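Numbered as in this note's numbering, the sequence shown ends at 235 without a single skipped number.
By construction, the Cβ of each residue, glycine as well, lies at the ideal position given by its N, Cα and C atoms.
Please read all numbers here as calculations on a predicted model, not as lab measurements.
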Amino acid sequence: QVPFSQYATAVGEQRHVTLPDGSRLVLDTDTLVRVTYERSWRRIALSRGRLQADVAHDASRPFVVTSGVGSVRALGTVFQVERQSGNTIVRLLQGRVVVDTPAGRTRELYPLQQLAYDPAGKLESPKSIDSEAAESWTRGRLVFNNERLADLVSEFNRYSRDQLVLSEATLGDIRVSGAFNADDQAGLLAALRQGWGLQAKPAGKNRIELSASKQ
21 QVPFSQYATA
31 VGEQRHVTLP
41 DGSRLVLDTD
51 TLVRVTYERS
61 WRRIALSRGR
71 LQADVAHDAS
81 RPFVVTSGVG
91 SVRALGTVFQ
101 VERQSGNTIV
111 RLLQGRVVVD
121 TPAGRTRELY
131 PLQQLAYDPA
141 GKLESPKSID
151 SEAAESWTRG
161 RLVFNNERLA
171 DLVSEFNRYS
181 RDQLVLSEAT
191 LGDIRVSGAF
201 NADDQAGLLA
211 ALRQGWGLQA
221 KPAGKNRIEL
231 SASKQ
């Protein structure tokens, strides 16, 4: 059996890991990875959460991150892999990666692109991304540019035991822009109250309900 190392973060925690070859990982909240270095491969298995990899170049030993049914192969590059509700999202910041799934053709990403694949391995088309927004979480910040409130709530809930819920599904379509500290839920709620007229109230154990202000 090939020896492996396992790294994990708790909810609200981030961790920086330097691997034996000098490659660096940033692990986001509630993340679990398994690292295996072999003679001809460097393998990272992402079980849950999100990571950013800054890969040390070694043409003789490809660096591969597996997530779900797919894999992401890089040589020297900076990229992110995220598991989200069964889907996997790959974001390329620098260099070159190749995404491969059994159900879809192999696809190469260019810098500042992302793509996703589902649990069956179906690949979506690449989309452009903003570098600052993509890397903000590695610095403890969450940046949103005209994003749906439902997506903002889902992202913030990854960092806290106190979960935000919407009183009505239609609130999820509200568009929100701003930069927030990932661990500052109170600051987020204050901003939503002031900028978007949303009120927050306790709704049971570890639940906070967001609703529209009554005129």
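Euclidean distance between Cα positions of residue i and residue j
i      : j      : result
Arg213 : Ala154 : 26 Å
Gly124 : Leu135 : 12 Å
Leu218 : Arg161 : 22 Å
Pro23  : Ser80  : 20 Å
Trp157 : Lys142 : 27 Å
Gln72  : Val98  : 7 Å
Arg103 : Ile109 : 7 Å
Pro139 : Leu184 : 26 Å
Gly69  : Thr51  : 4 Å
Gln100 : Lys225 : 33 Å
Ala76  : Trp216 : 44 Å
Ser67  : Arg111 : 17 Å
Nonlocal neighbours in the same chain, by C-beta distance under 7 Å from residue i, ignoring five residues either side
i      : result
Phe164 : Leu172, Val196, Ser197 and Gly198
Ser25  : Val55
Asp74  : Ser43, Arg44 and Val98
Cut-off 6 Å between Cβ atoms - residues of its own chain near residue i, not counting five sequence neighbours on either side
i     : result
Thr86 : Ala65
C-beta contact flag for residue i and residue j at 7 Å
i      : j      : result
Ala220 : Leu209 : yes
Val53  : Tyr27  : yes
Gly90  : Tyr137 : yes
Cβ shell of residue i (< 8 Å), same chain only, five flanking positions each side left out
i      : result
Glu188 : Ser231 and Ala232
Practice problem: Assess, as a yes-or-no matter, whether the stretch 29-36 is touched by the stretch 54-65 under the definition of 3 or more beta carbon pairs within less than 8 Å. | Solution: no
Quiz item: Contact between the stretch 169-187 and the stretch 136-153: three or more CB pairs below 8 Å?
Solution: no
Quiz item: Per the contact definition of three or more C-beta pairs closer than 8 Å, is the stretch 87-95 in contact with the stretch 112-120?
Solution: Taking a cut-off of 8 Å for Cβ pairs, the stretch 112-120 and the stretch 87-95 touch, as three or more such pairs fall below it.
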